[in-house]
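Engineer:
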Amino acid sequence: MEVANGLNVARELGLKEEEYERILAILGRVPTPTEIAMFSVEWSEHCGYLHSRRWLELLPREGEFSPLRGEDAGGIVYDDLAVVFKMESHNHPSQVEPRQGAATGIGGVIRDILGSGARPIACLDSLHFGPREDERSLYVFRGVVEGVAFYGNCVGVPTVAGELYFYPAFRGNCLINVMCLGIAPREKLTQAKAQGEGNYIVYVGNKTGRDGIGGCSILASQEFGAEERRPSVQIGDPLAEKCLIEATLEALDTGHIVGIKDMGAAGLTCSTSEMAASGGSGVEIDLDLVPLREEGMEPWEIMMSESQERMLLCVRRGYEEEIIQIFRKWGLEGEVIGEVKDTGRVTIKWRGEVVADIPALELTRPPVYTPPRERPLYLDEVNNFSLEDVSPPLNYEEVLLRMVSSENLSSRRPIFEQYDHMAGINTVLLPGSGTVVLRVKGKKWGIAVTSDCNPLYCYLSPREGAKMAVAEAARNLSACGARPAGVTDCLNFGSPEKPDRYWQFVEAVEGLSEACRFFGIPVVSGNVSFYNENPEGAIFPTPTIGMVGIIEEVEKVVSAGFGEDDLILVLLGETKEELGGSEYLRIIHNREEGPPPRVDLEGEKNLQELLITLAEEEIVSSAIDLSEGGLALALVESSVTEENPRGVIVDLECLGDMREDVLLFGESGGRALVSVKGELLNSLQRLAQEQNVPCQVIGKTGGEKLVIKKGGKSLISLSVEELKNRWEGGLGE
Amino acid sequence: MKYRGKVIVTLKPGVFDPQGVTIRNALHTLSFREVEEVKAGKYLEIILESENRSQAEKRIQEMCDQLLSNPVIESYSYQLEEIKN
Amino acid sequence: MKYRGKVIVTLKPGVFDPQGVTIRNALHTLSFREVEEVKAGKYLEIILESENRSQAEKRIQEMCDQLLSNPVIESYSYQLEEIKN
Amino acid sequence: MKFGIVVFPGSDCGYDCHHVLSQVLEAETVFIWHGDKNLKNCDCVVLPGGFSYGDYLRAGALARFSPVMEAVKEFAENGGLVIGICNGFQVLTEAGILPGAFLPNRGGRFICRHVYLRVENNQTPFTLLFAPGEVIKIPIAHQQGNFFIDSPHQEEVKKHIVFRYCGPQGEIDSRYNPNGSWENVAGIVSREGNILGIMPHPERAAEEILGSEDGRRVFLSVIKWWEDKKWK
Ligand SMILES: Nc1ncnc2c1ncn2[C@@H]1O[C@H](COP(=O)(O)OP(=O)(O)O)[C@@H](O)[C@H]1O
Ligand SMILES: [Mg+2]
Chain A
1 MEVANGLNVA
11 RELGLKEEEY
21 ERILAILGRV
31 PTPTEIAMFS
41 VEWSEHCGYL
51 HSRRWLELLP
61 REGEFSPLRG
71 EDAGGIVYDD
81 LAVVFKMESH
91 NHPSQVEPRQ
101 GAATGIGGVI
111 RDILGSGARP
121 IACLDSLHFG
131 PREDERSLYV
141 FRGVVEGVAF
151 YGNCVGVPTV
161 AGELYFYPAF
171 RGNCLINVMC
181 LGIAPREKLT
191 QAKAQGEGNY
201 IVYVGNKTGR
211 DGIGGCSILA
221 SQEFGAEERR
231 PSVQIGDPLA
241 EKCLIEATLE
251 ALDTGHIVGI
261 KDMGAAGLTC
271 STSEMAASGG
281 SGVEIDLDLV
291 PLREEGMEPW
301 EIMMSESQER
311 MLLCVRRGYE
321 EEIIQIFRKW
331 GLEGEVIGEV
341 KDTGRVTIKW
351 RGEVVADIPA
361 LELTRPPVYT
371 PPRERPLYLD
381 EVNNFSLEDV
391 SPPLNYEEVL
401 LRMVSSENLS
411 SRRPIFEQYD
421 HMAGINTVLL
431 PGSGTVVLRV
441 KGKKWGIAVT
451 SDCNPLYCYL
461 SPREGAKMAV
471 AEAARNLSAC
481 GARPAGVTDC
491 LNFGSPEKPD
501 RYWQFVEAVE
511 GLSEACRFFG
521 IPVVSGNVSF
531 YNENPEGAIF
541 PTPTIGMVGI
551 IEEVEKVVSA
561 GFGEDDLILV
571 LLGETKEELG
581 GSEYLRIIHN
591 REEGPPPRVD
601 LEGEKNLQEL
611 LITLAEEEIV
621 SSAIDLSEGG
631 LALALVESSV
641 TEENPRGVIV
651 DLECLGDMRE
661 DVLLFGESGG
671 RALVSVKGEL
681 LNSLQRLAQE
691 QNVPCQVIGK
701 TGGEKLVIKK
711 GGKSLISLSV
721 EELKNRWEGG
731 LGE
Chain B
1001 MKYRGKVIVT
1011 LKPGVFDPQG
1021 VTIRNALHTL
1031 SFREVEEVKA
1041 GKYLEIILES
1051 ENRSQAEKRI
1061 QEMCDQLLSN
1071 PVIESYSYQL
1081 EEIKN
Chain C
2001 MKYRGKVIVT
2011 LKPGVFDPQG
2021 VTIRNALHTL
2031 SFREVEEVKA
2041 GKYLEIILES
2051 ENRSQAEKRI
2061 QEMCDQLLSN
2071 PVIESYSYQL
2081 EEIKN
Chain D
3001 MKFGIVVFPG
3011 SDCGYDCHHV
3021 LSQVLEAETV
3031 FIWHGDKNLK
3041 NCDCVVLPGG
3051 FSYGDYLRAG
3061 ALARFSPVME
3071 AVKEFAENGG
3081 LVIGICNGFQ
3091 VLTEAGILPG
3101 AFLPNRGGRF
3111 ICRHVYLRVE
3121 NNQTPFTLLF
3131 APGEVIKIPI
3141 AHQQGNFFID
3151 SPHQEEVKKH
3161 IVFRYCGPQG
3171 EIDSRYNPNG
3181 SWENVAGIVS
3191 REGNILGIMP
3201 HPERAAEEIL
3211 GSEDGRRVFL
3221 SVIKWWEDKK
3231 WK
C-alpha cells in the first residue's frame, strides 16, 4: 500500500517537505498513508515539541525535594509517597466547543496522572477569556466553566483551585489550562513502557470512533483564521472515566501490569510508539481487534483517533484475562490488541496486511527547530509609563469599590462553587482567597496547590512576567505555611514561526528557569501550546505556573481571613514606587502599560522563608500574599473572605511618602499581609529582622468598617458588609 | 401574535453520545433487548410574540443557531404553531 | 420490523422548570426579548425491532413508564415511525 | 454493628463514607457491589453520593435498576436501616423507597458549599444525638437538590422532615434555601423512620480538620441506636 503523491498527503497533514524526505530515509521506501498519518501526529508541534524542546532543556529538574520524572506526569517524592502533577492546555478545542473542550481537557489530564499509577485527587483550572461584553467570549467562558463542572464533578476528582482572567487579548482564543494532581506509594508508580517479548498489549476503556481525528496535528497547530476547518470534536464521558480510574488502579494492584499509557493526543499512535520506544522494544498491533464505535474506519483513522477515556496497557503474558475481566466488571472495553516484540518497530496490521512498520525510536524523535527570533517593537511603546502620566484619584472609595467588583479582582466564588471542590474529603483549606490545601489521609503533612500567571506582566516583559509568576505562586504557597516543592507549567504563546512571538517564548522560558533555579524548585512536567492567535494577533504570552508545596503539619495551616478583632496588621516586604502593569492602571486609568513590577528574587526567597517559619511557629493568625490590586485588595480579601466580614483600621503613614495610589494599589512583589496577636508581635518582628524582611505595623482588625488613612488624611471608610457584597457580586454570575 | 416553537436538538450523526449508550445499556438490563440504539437530545418549547409566522420562524432559527444548539456538534429541527387564545 | 420511537419528556404543568427559566434569561440577554416562556425537556430517539406497530408502541410505552420518565414530575409523549431499508 | 456501602459505577463518595465509618469511627464497614444481591449481613446500608451512572438521563434513575436495589428494598421493608446521601437520596426517591422527586436547583447550577441545617426531628435512629431544633453546619454538593413532592402527599411528608435548610440562627426562609427545595427540605425519613434521605453530605463534616464535625453525629446516632436496641 503506497501512495503515489505521498508528499502531498504529508503536506496536507502538516508535514514539511524536509520532514517527508527524512521519513523516506528512515523507512527506505515510500510511506503508506497510515505511516504518514502516524509521523504527522508524532511530529506535530503538539506532540513533538519541535520548536520548544531545545529551550525546555534549560528548566531545572532538580531541587530541594527529590523530583520524580516519569513519561507524562512528573512529581516529587515526600515521605513514602509520590506526589504527581501535570498541567495541560485545551485552548483550541475549547474555543470551538467550550463545554466539551473543557470537559475533555479535564479528562485528558486526569488520565495523564492515572497513567503514572497515581490516584488523581485534585484538579485545577486556569482560565483566560476575552472580555465578557463580547458575546462570544461570554459564551465561551460560561461553556468552559460548565464543562469543567460537568466532567470534573461527575468524575469525582475535586476541582479545588484555579485562576480566571479576562483580557481583550484572549478574544477569539481562550486559554484553558487544566492541572491534575495525584498521589501513590512511591513503589507503585508505573511507567509508560512496553517490555518483555510476548507480553500483551491490552486496550481498555471506551470504544474508538472518529473523534478528534486530525485534532492533534491539524486542529492544535493551526491558527484560527479565515478558513476555518470543521474539527470533529471529542465528547467527554465522565462516567467511563470514573470507572476507568477505579479499574486501572485495581488492575495495577494485581502487579501484572508492565507499563501503562493514556491515549490522549494522537491516541494509539502516540501510546504504541512511546511505549515501545521507552521500553526499548517493539510492538505489533492488529487493528481488527480494536473495539470500534463506528463502521468503516480506515486504519489511519483508528491510529489517529482521539476518542476519550482509553488507556493502553502492557500486561504480563498469562494474566491478560484477569486484567481484562477487571475492566469489563467496570463496564468498559478490554481487549488484547497486540504483543511486545523485540523488533524495535511499531508494526500495525489491518485485515491481514501490514499497514505500518516504523522503527519506534524514530517516531519519537521529531526534528528540532529554532527559527529566528526578534524582540518585538511594541515593547518600547508600552513600557514608557511614568507616574506623572496619571493624576491620583480624588475619591478613593469609589476607586476601591470599582476595583473590588471588577471582573479580574472580584471573588471567584460563583465559579468554584459550581465545582465540587470537597469530593474526596481532603480539602482542608477551601478555595476563596489564595492557596488551597489538601490533607493526605493518614499523614501529618499536607499538600498546597496554586496556579498563577499574570499575562499582562508577561506581555509587558515576558522575562519578568515569567519570573513573577513563579514568585507569586511560591509566595502563595508559603503564605499558608507550605514549602514550594515542584512546578508544572503550561506555556501558551502565539506562532513560533513568527520571530516576535518566538522571542517572547524564549524570554519567558529563561525567566521561568532562572526563578525556579533560584528558589530550588524543580520543573517536573509541563506542556507547550503554540499558535494561540486570532485574526487580530497573538494572545498575551502566558506561561501558567502550577505549583505544589508541602506543609509539614497540616493542622498549622494559615488561612487568609481575619479571624478575630484586635489583631495587629503587619505588612511584610518592601513597597516600591511601581504602578506599571497594575490592575489599578487598567481599570481606573484604562492603560495597559509597564514596566511591570521588577522581581527581586532574593527578597522573595527571604519572605517565603519567613512566612513558612511564622506558620510553623504558629505566630500569625492570618496571612495573604499581595498580588493584583496590591495592599488594598489584600486588605479587602482578608476582611471579607470569612463568612462574617471583619473591619480594619489602617494607617499608611509608616510606608513612606509615596503617592497614595501607589501605596494602595501598586503591585510590587515580595510582600504579604499578616495579622498577629499583640503578644506575638515581638517574635514576629525578631524573625523578620533575622530574615531581612522589612516589617511595618499598619493597623489592626475590628469594627464594621474598612478604614484607611494616611496620617491625618482619611482615604477610605467603607462598610465591610458593602465591600463583601460588591466583591462577591462582581462577576455577576 | 403568539407562537409556540417546539425545538428538538440532537447530536450530529457520528458524534459520540455517551448518554444514549448508557440508556440503551440500562434498557437492555431491564430486558428491553430489542432496543438497538438510543440517541439522547434536548427538547425545548419556546413561547414568543411575533408579528407573523415567517418572522417567528426566523427568530426561532436565530435562537437555535446562537444559543440553543452548538452547530459544531448538534443539529436542530423545529415546528411552529400559532397559539390562539 | 424496525421502528423509530421519538419520545419527548417534559415536566408536568405546574412543576417549576429552572432550566427553562435559565434559558429564557439567556435568550433575553441575547436580546430575544420577545420570548415569554421556555420549557426544557428531553428528547430520546429509540430504534427497536418489533413484530408490528402495536407491539412497538406497547414497548415504547413501557420504557417510558419504567425508565425514561419519572411520573412524579414528568409526562411524556411519543411518535412511532417504521424504518424501511 | 456493620455498615455496608453500595458501590454503583460513579458513586465516588462511597470512599469518603468508608473512610469516616471505618477510620474515624472505627466501625465495621464493607463495600457492596451494585451487581450483588447479597447485603453481607449489614445492619445499616449506605447509598452514597456521587454520580451513579453519570446521572445520565436523570439523577439516580439508572442506579435504581441495579440488582442490589432489590435487596435494599427488601431490607428496608423489613425495617433495616438505610441512609441515602445526596445521589443516594435521589436513588431512593427514583426507586420509590422514599417519596418525592428531585428537580434541578433553582439557579440551574451545581452548588458546593457549607450550609446550615435545622434538626426538625431528633426521634429517629439518625438524629438522636442532636438536640431538637439544633442548627448544624454540613456541606452540600449537588445539581439537583430541589426536592419536589406533589400536593396530595405534602401533608404526610411534612411529618417526616428531619433536616431543613436554614440561616445561622435557624431561620427557615427562602433566602437560606440553596436550591428551591419544597419546605426547605434537606432530609426526610420514611414513615417507619428507618430510612433516611439526606441531600447534604454528613461524611464531609465528620472531622475537625474539615471545618465541621456535625455530620459525624448522624453516623454516631445510628451506632448508638443500634447498641441501645441490642441491649433491649
Ligand atoms: N477558575 C477557577 N477555578 C477554581 N478556583 C478558582 C478559579 N479561579 C480562581 N479560583 C480560586 O479563587 C481564589 C482566588 O483566586 P486568585 O485571586 O487568582 O488567587 P491568588 O490570590 O492565589 O492568585 C483561589 O482560591 C483560587 O484557587
Ligand atoms: Mg493569582
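Chains as they are written, first to last, in this note's numbering: chain A, 1 to 733; chain B, 1001 to 1085; chain C, 2001 to 2085; chain D, 3001 to 3232. No residue lacks a Cβ here, since even glycine has one placed at the ideal position from N, Cα and C. Since we're looking at a predicted model, the values are computed, not measured.
(1) Under a three-way DSSP split, which group does histidine 92/A fall into?
(2) For lysine 724/A, tell me which candidate among Pro541/A, Ala469/A, Glu381/A, Gly561/A has the shortest Cα-Cα distance.
(3) How about tryptophan 579/A and lysine 700/A: do their beta carbons lie closer than 8 Å?
(4) So asparagine 1025/B is in the beta strand (DSSP E); what residue range does that whole segment cover?
(5) DSSP three-state label for leucine 3196/D, please.
(6) Put asparagine 199/A into one of helix, strand or coil per three-state DSSP.
(7) Write down every uninterrupted run of the beta strand (DSSP E) in the segment 16-84 of chain A whose length is 3 residues or greater and which is fully enclosed by it, in chain order.
(8) Please confirm whether alanine 1040/B and leucine 2044/C have their CB atoms less than 8 Å apart.
(9) For glutamate 1034/B and alanine 2056/C, I'd like the C-alpha separation in whole angstroms.
(10) Is isoleucine 218/A buried or exposed, if buried means 16 or more other CB atoms sit within 10 Å of its CB?
(11) Given a cut-off of 8 Å, decide if proline 392/A and leucine 659/A are closer than it, judged by their beta-carbon atoms.
(12) In whole angstroms, what separates the C-alpha of asparagine 3105/D from that of isoleucine 3140/D?
(13) Grab the span of the alpha helix (DSSP H) containing methionine 179/A for me, first residue to last.
(14) Starting from threonine 1022/B, find everything on chain D with Cβ-Cβ shorter than 8 Å and list it in chain order.
(15) Using beta carbons (cut-off 8 Å, strictly below), is isoleucine 1046/B in contact with chain A?
(16) Going along chain D in order, which residues have a C-beta closer than 8 Å to the C-beta of tyrosine 457/A?
(17) Ignoring anything shorter than 4 residues or poking outside the segment 1028-1083 of chain B, list the alpha helix (DSSP H) runs there in chain order.
(18) Could you compute how far the alpha carbon of valine 2021/C sits from the alpha carbon of threonine 370/A?
(19) Can the beta-carbon of valine 340/A be found closer than 8 Å to that of cysteine 314/A?
(20) Assuming glycine 3084/D contacts leucine 239/A under a Cβ cut-off of 8 Å, what Cβ separation, rounded to an integer in Å, is found between them?
(21) Could you tell me if proline 231/A is buried or exposed, where buried requires 16 or more neighbouring beta carbons within 10 angstroms of its beta carbon?
(22) Let's test the definition: count the other Cβ atoms within 10 Å of the Cβ of asparagine 3179/D and tell me whether it reaches 16, buried, or not, exposed.
(23) Rounded to a whole number of angstroms, what is the C-alpha to C-alpha distance between isoleucine 23/A and phenylalanine 39/A?
(24) What is the DSSP secondary structure of asparagine 3184/D, counted as helix, strand or coil?
(25) Would you mind listing the alpha helix (DSSP H) stretches within the segment 445-477 of chain A that are 4+ residues and don't spill past its ends, in chain order?
(26) Could you compute how far the alpha carbon of arginine 229/A sits from the alpha carbon of lysine 16/A?
(27) At a CB distance below 8 Å, what residues from the segment 1059-1075 of chain B approach chain C? Give them in sequence order.
(28) Tell me, please, whether the CB atom of glutamate 3026/D is closer than 8 Å to any CB atom in chain A?
(29) Where do the N-terminal and C-terminal ends of the alpha helix (DSSP H) with phenylalanine 3075/D fall, by residue?
(30) Hey, serine 411/A and glutamate 728/A are a contact pair by Cβ (cut 8 Å); roughly how many whole angstroms apart?
(31) Quick one: Cα of serine 221/A to Cα of leucine 175/A, how far?
(32) Check whether chain C comes within 8 Å of leucine 3070/D, counting only Cβ atoms and requiring the distance to be less than that.
(33) Residues in the same chain with beta-carbon distance under 8 Å from glutamate 322/A, minus the five sequence neighbours each way, listed in chain order, please.
(34) Report the partner residues of histidine 3114/D according to the DSSP bridge assignment.
(35) Quick one: give me the first and last residue of the beta strand (DSSP E) that asparagine 492/A is part of.
(36) Name the DSSP beta bridge partners of tryptophan 503/A, please?
Structural biologist: So, from the listed chains and residues:
(1) In the first sequence, residue 92/A corresponds to position 92, counting from 1. Histidine 92/A falls in the helix class under three-state DSSP.
(2) Residue mapping note: residue 724/A aligns to position 724 of the first sequence, counting from 1. When each option's Cα is compared against that of lysine 724/A, the closest is Gly561/A.
(3) By 1-based counting over the first sequence, the position of residue 579/A is 579. By 1-based counting over the first sequence, the position of residue 700/A is 700. Note that residue 579/A is leucine in the sequence shown, not tryptophan. When the beta-carbon positions are compared, leucine 579/A and lysine 700/A stay at least 8 Å from each other.
(4) For the purposes of this step, residue 1025/B is taken as the residue at position 25 of the second sequence. First-last for asparagine 1025/B: 1018-1029, but that is the alpha helix (DSSP H), not the beta strand (DSSP E).
(5) In the fourth sequence, the residue the question calls residue 3196/D occupies position 196. Of the three classes helix, strand and coil, the one that applies to leucine 3196/D here is strand, per DSSP.
(6) Locating residue 199/A in the first sequence gives position 199, counting from the first residue. Residue state, collapsed to three classes: coil.
(7) Entirely contained in the segment 16-84 of chain A, the beta strand (DSSP E) runs reaching 3 residues are, in chain order, 66-68, 74-78.
(8) As a first step, residue 1040/B must be located in the second sequence, where it is residue number 40. As a first step, residue 2044/C must be located in the third sequence, where it is residue number 44. Yes; because the gap between Cβ atoms is below 8 Å, this pair is in contact.
(9) The count along the second sequence starts at 1 and reaches residue 1034/B at position 34. The count along the third sequence starts at 1 and reaches residue 2056/C at position 56. Answer to the nearest angstrom: the Cα atoms are 10 Å apart.
(10) As a first step, residue 218/A must be located in the first sequence, where it is residue number 218. With a pLDDT of 41 at isoleucine 218/A, under the threshold of 50, the modelled position of this residue cannot be trusted; read the value that follows with caution. Buried.
(11) Translated into the one-based positions of the first sequence, residue 659/A becomes position 659. Translated into the one-based positions of the first sequence, residue 392/A becomes position 392. Note that residue 659/A is arginine in the sequence shown here, rather than leucine. Yes.
(12) Translated into the one-based positions of the fourth sequence, residue 3105/D becomes position 105. Translated into the one-based positions of the fourth sequence, residue 3140/D becomes position 140. For asparagine 3105/D and isoleucine 3140/D, the distance between alpha carbons rounds to 12 Å.
(13) The residue labelled residue 179/A in the question sits at position 179 within the first sequence. That residue, methionine 179/A, is in no alpha helix (DSSP H); its beta strand (DSSP E) goes 175-185.
(14) Locating residue 1022/B in the second sequence gives position 22, counting from the first residue. Below the 8 Å Cβ cutoff, chain D contributes Tyr3053, Gly3054, Tyr3056, Leu3057, Leu3062 as neighbours of threonine 1022/B, in chain order.
(15) Position 46 of the second sequence, counting from 1, holds the residue named residue 1046/B. Not one chain A Cβ lies under 8 Å of isoleucine 1046/B.
(16) Start at 1 with the first residue of the first sequence, and residue 457/A comes out as number 457. Correct list: empty, because the minimum Cβ distance to chain D is about 32 Å.
(17) For secondary structure counted as the alpha helix (DSSP H) over 4 or more consecutive residues, the segment 1028-1083 of chain B holds these complete runs in sequence order: 1053-1063.
(18) Your numbering for residue 2021/C matches position 21 in the third sequence. Your numbering for residue 370/A matches position 370 in the first sequence. Each residue's Cα considered, the two are about 54 Å apart.
(19) Translated into the one-based positions of the first sequence, residue 340/A becomes position 340. Translated into the one-based positions of the first sequence, residue 314/A becomes position 314. Yes, they are a contact pair.
(20) To locate residue 3084/D, count along the fourth sequence from 1; it is residue 84. To locate residue 239/A, count along the first sequence from 1; it is residue 239. Between glycine 3084/D and leucine 239/A the beta-carbon gap is near 20 Å, outside 8 Å, which marks them as no contact.
(21) Counting from one through the first sequence, the residue named residue 231/A turns up at place 231. Per-residue confidence for proline 231/A stands at a pLDDT of 47, beneath the threshold of 50, marking its modelled position as unreliable; the derived number appears in the next sentence. With 16 or more neighbouring CB atoms inside 10 Å of its own CB, proline 231/A falls in the buried class.
(22) Working through the fourth sequence from its first residue, we reach residue 3179/D at position 179. Buried.
(23) Translated into the one-based positions of the first sequence, residue 23/A becomes position 23. Translated into the one-based positions of the first sequence, residue 39/A becomes position 39. So the two alpha carbons sit approximately 8 Å from each other.
(24) Counted from its first residue, the fourth sequence places residue 3184/D at position 184. If DSSP states are grouped into helix, strand and coil, asparagine 3184/D belongs with the helices.
(25) Every unbroken stretch of the alpha helix (DSSP H) spanning 4 or more residues and falling wholly within the segment 445-477 of chain A is given here in chain order: 455-460.
(26) Mapped onto the first sequence, residue 229/A falls at position 229. Mapped onto the first sequence, residue 16/A falls at position 16. Residue confidence is low: arginine 229/A scores 41 on pLDDT, short of 50, so the model does not pin down where it sits. No coordinate-derived value is stated.
(27) For the segment 1059-1075 of chain B, the beta-carbon criterion of a distance under 8 Å to any beta-carbon of chain C is satisfied by Arg1059, Glu1062, Met1063, Gln1066, Leu1067, Leu1068.
(28) Looking up residue 3026/D in the fourth sequence gives position 26. No, its Cβ sits nowhere closer than 8 Å to a Cβ of chain A.
(29) Translated into positions along the fourth sequence, residue 3075/D becomes position 75. In the DSSP annotation of this structure, the continuous segment of the alpha helix (DSSP H) that includes phenylalanine 3075/D starts and ends at 3067-3077.
(30) Numbered from its first residue, the first sequence carries residue 411/A at position 411. Numbered from its first residue, the first sequence carries residue 728/A at position 728. Sure, about 5 Å apart at Cβ, within 8 Å.
(31) Residue 221/A sits at position 221 when you count from the first residue of the first sequence. Residue 175/A sits at position 175 when you count from the first residue of the first sequence. Reliability of the predicted coordinates at serine 221/A is poor, the pLDDT of 36 falling under 50, and the value obtained from them is presented with this limitation in mind. Here the C-alpha atom of serine 221/A lies approximately 15 Å from the C-alpha atom of leucine 175/A.
(32) Within the fourth sequence, residue 3070/D is the residue found at index 70, counting from 1. The question names leucine, but residue 3070/D in the sequence shown is glutamate. With respect to chain C, the C-beta atom of glutamate 3070/D has no partner C-beta closer than 8 Å.
(33) Translated into the one-based positions of the first sequence, residue 322/A becomes position 322. Within the same chain, Thr254, His256 come within 8 Å of glutamate 322/A by CB-CB distance, once the 5 residues on both sides are set aside.
(34) One-based indexing of the fourth sequence puts residue 3114/D at position 114. Answer is Pro3139/D.
(35) Within the first sequence, the letter at position 492 stands for residue 492/A. Asparagine 492/A -> beta strand (DSSP E) spans 483-492.
(36) Numbered from 1 along the first sequence, position 503 holds the residue referred to as residue 503/A. Tryptophan 503/A is not bridged to any residue.
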